[in-house]
Amino acid sequence: MPHWTALVTVLAVLFYFYTGVRVLPARRKYNVLAPAISGNPDFERVFRVQMNTLEWMPIFLPLLWLFAVYVGDRSAAVLGLIWIAGRIYYMVSYSQAADRRGPGFSVQALVCGVLAIGALAGIVTQIAHGG
Amino acid sequence: MPHWTALVTVLAVLFYFYTGVRVLPARRKYNVLAPAISGNPDFERVFRVQMNTLEWMPIFLPLLWLFAVYVGDRSAAVLGLIWIAGRIYYMVSYSQAADRRGPGFSVQALVCGVLAIGALAGIVTQIAHGG
Amino acid sequence: MPHWTALVTVLAVLFYFYTGVRVLPARRKYNVLAPAISGNPDFERVFRVQMNTLEWMPIFLPLLWLFAVYVGDRSAAVLGLIWIAGRIYYMVSYSQAADRRGPGFSVQALVCGVLAIGALAGIVTQIAHGG
Numbered sequence: 728m729p730h731w732t733a734l735v736t737v738l739a740v741l742f743y744f745y746t747g748v749r750v751l752p753a754r755r756k757y758n759v760l761a762p763a764i765s766g767n768p769d770f771e772r773v774f775r776v777q778m779n780t781l782e783w784m785p786i787f788l789p790l791l792w793l794f795a796v797y798v799g800d801r802s803a804a805v806l807g808l809i810w811i812a813g814r815i816y817y818m819v820s821y822s823q824a825a826d827r828r829g830p831g832f833s834v835q836a837l838v839c840g841v842l843a844i845g846a847l848a849g850i851v852t853q854i855a856h857g858g
Numbered sequence: 728m729p730h731w732t733a734l735v736t737v738l739a740v741l742f743y744f745y746t747g748v749r750v751l752p753a754r755r756k757y758n759v760l761a762p763a764i765s766g767n768p769d770f771e772r773v774f775r776v777q778m779n780t781l782e783w784m785p786i787f788l789p790l791l792w793l794f795a796v797y798v799g800d801r802s803a804a805v806l807g808l809i810w811i812a813g814r815i816y817y818m819v820s821y822s823q824a825a826d827r828r829g830p831g832f833s834v835q836a837l838v839c840g841v842l843a844i845g846a847l848a849g850i851v852t853q854i855a856h857g858g
Numbered sequence: 728m729p730h731w732t733a734l735v736t737v738l739a740v741l742f743y744f745y746t747g748v749r750v751l752p753a754r755r756k757y758n759v760l761a762p763a764i765s766g767n768p769d770f771e772r773v774f775r776v777q778m779n780t781l782e783w784m785p786i787f788l789p790l791l792w793l794f795a796v797y798v799g800d801r802s803a804a805v806l807g808l809i810w811i812a813g814r815i816y817y818m819v820s821y822s823q824a825a826d827r828r829g830p831g832f833s834v835q836a837l838v839c840g841v842l843a844i845g846a847l848a849g850i851v852t853q854i855a856h857g858g
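What follows is the structure, encoded as structure tokens:
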């Protein structure tokens with residue numbers, strides 16, 4: 728088992744969980760009661776951080792694990808930590824203003840690009856060698 | 728392979744699928760036509776059950792499998808069944824009224840907490856022992 | 728490792744990523760600024776394609792991999808390719824009109840049904856044989 732990737736996976740899941748935890752006090756603060764998810768831009772930005780992180784989980788997690796298996800555990804774990812850092816920066820800056828969400832988003836997207844290219848190269852190499 | 732965890736995974740996926748199946752008749756009943764997802768609180772509660780279950784899938788499934796690998800198959804499967812039971816209770820009670828969604832939600836969240844702590848302890852132990 | 732399933736997984740993730748990429752120009756074209764996700768039916772259809780694909784990722788990916796492990800790598804990969812094809816047809820037709828989204832949706836749902844039945848049969852067989 729790629730232990731370091733497993734560890735970073737738990738950290739990424741806990742971070743994602745935290746983006747959802749933030750929605751409940753935002754509901755109270757901006758008076759947007761469940762099941763509504765719109766009505767106040769300040770609430771919607773907090774909600775969209777959770778949603779956007781959710782949207783990227785099925786990109787990040789499969790690519791992270793394929794990279795860990797086909798390239799390496801420790802390099803996957805380091806890339807995973809950079810992804811989490813980009814996500815934290817995205818969360819903090821998007822919560823301030825919608826037009827500040829770019830840099831953090833780009834970092835985490837770039838990490839997923841590297842994971843995809845590495846995984847793809849590793850898989851194709853294995854198939855080509857009849858592995 | 729942790730067969731019991733695999734079995735519970737299929738059950739959890741089928742349950743999650745069912746939360747989405749319920750949205751279609753709710754669209755007809757409350758006259759909320761696709762692509763709209765708001766406009767009637769009764770529809771929105773049915774839709775939010777699906778969405779909230781979706782939001783928790785990237786928390787539940789990775790933690791369930793890391794727990795299965797690092798702690799044990801059968802204990803993971805039992806926790807997975809409790810998670811599904813909490814989710815079913817959440818679905819039934821949230822569909823009745825938004826303020827009844829608490830207990831079922833807490834059960835499934837608690838299960839994820841136990842899965843996270845178990846997985847984390849197992850991973851750290853393996854890394855510490857140079858596993 | 729089931730290499731062909733790994734390859735199809737990367738393709739499915741890249742396709743899903745693309746359904747999200749389409750949302751940004753749609754925001755500009757139909758003037759729906761972030762964090763809003765509604766206000767224009769043409770935008771909402773593009774957004775719903777991404778959301779619906781997201782909703783199915785936690786169904787498709789776990790079943791695909793359980794099928795690959797318990798039934799076979801190459802049959803899983805072929806079914807995965809049919810799923811992607813159904814999803815592409817769904818994306819193109821839903822973007823044109825909401826009532827055209829049926830056929831592509833049915834194809835991808837049918838594939839998930841086959842994956843579920845195959846995985847379930849394989850898992851139960853293994854447990855019954857004390858595997």
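Each protein sequence line maps, in turn, to chains A, B and C.
Mapping of the first sequence onto this note's numbering: residues 728 to 858, in sequence order.
Mapping of the second sequence onto this note's numbering: residues 728 to 858, in sequence order.
Mapping of the third sequence onto this note's numbering: residues 728 to 858, in sequence order.
Heads up, the beta-carbon is just placed ideally off N, CA and C, and yes, glycines get one too.
Step through the CB atoms of chain C and report whether any lies within less than 9 Å of the CB of residue i.
i	result
Trp-731/B	yes
Ser-765/B	yes
Ile-809/A	no
Gln-777/B	yes
Tyr-797/A	yes
Met-818/B	no
Ala-739/A	no
Tyr-757/B	no
Ala-836/B	no
Leu-760/B	yes
Thr-852/B	no
Leu-734/B	yes
Ordered along the chain, which non-local residues of its own chain (more than five positions away) have a Cβ less than 6 Å from that of residue i?
i	result
Ala-804/B	Trp-731, Thr-732, Val-735
Ala-753/C	Phe-770, Val-773
Ile-786/B	Cys-839
Gln-777/C	Thr-746, Gly-747, Val-750
Arg-801/A	Trp-731
Phe-832/C	Tyr-817
Gln-835/A	Trp-810, Gly-813, Arg-814
Gly-849/C	Tyr-797, Val-798
Trp-783/C	none
Helix, strand or coil, according to DSSP, for residue i in the structure here?
i	result
Ala-855/B	helix
Ala-848/B	helix
Pro-830/C	helix
Met-818/B	helix
Ala-824/C	coil
Spatial neighbours of residue i within its chain, please: C-beta separation below 7 Å, excluding the five flanking residues on both sides.
i	result
Leu-738/A	Ile-811
Pro-845/C	According to the sequence provided, residue 845/C is Gly. The question's Pro does not apply to it. Taken in chain order, the residues that qualify are Phe-794, Val-798.
Trp-792/B	Thr-732
Arg-843/A	A small correction: the amino acid at residue 843/A is Ala; Arg does not occupy that position in the sequence shown. Leu-790.
Tyr-757/B	Asn-767, Asp-769, Phe-770
Phe-841/B	Contrary to the premise, residue 841/B reads as Val rather than Phe in this sequence. Only Leu-806 meet the Cβ criterion.
Asn-779/B	none
Ala-825/B	Arg-772
So, does the CB of residue i fall closer than 9 Å to a CB anywhere in chain B?
i	result
Arg-814/C	no
Ala-804/C	no
Leu-847/C	yes
Gly-747/A	yes
Ala-753/A	no
Phe-744/A	yes
Leu-781/A	yes
Within 9 Å (strictly less), CB to CB, does residue i reach chain A?
i	result
Met-784/C	yes
Phe-770/C	no
Leu-788/C	yes
Ile-827/B	A quick correction: the sequence has Arg, not Ile, at residue 827/B. So, not an interface residue.
Keeping to the same chain, check which residues put their C-beta closer than 8 Å to that of residue i; ignore five residues upstream and five downstream.
i	result
Arg-827/C	Ser-820, Tyr-821
Ile-759/B	First, the residue type needs correcting, since residue 759/B is Val and not Ile in the sequence shown. Excluding sequence neighbours, Val-759/B sits near Ala-753, Ser-765, Gly-766, Asn-767, Phe-770.
Runs of 4 residues minimum, wholly inside the stretch 748-815 of chain C: which ones carry the alpha helix (DSSP H) assignment? List check, alpha helix (DSSP H) in window: 750-756, 768-797.
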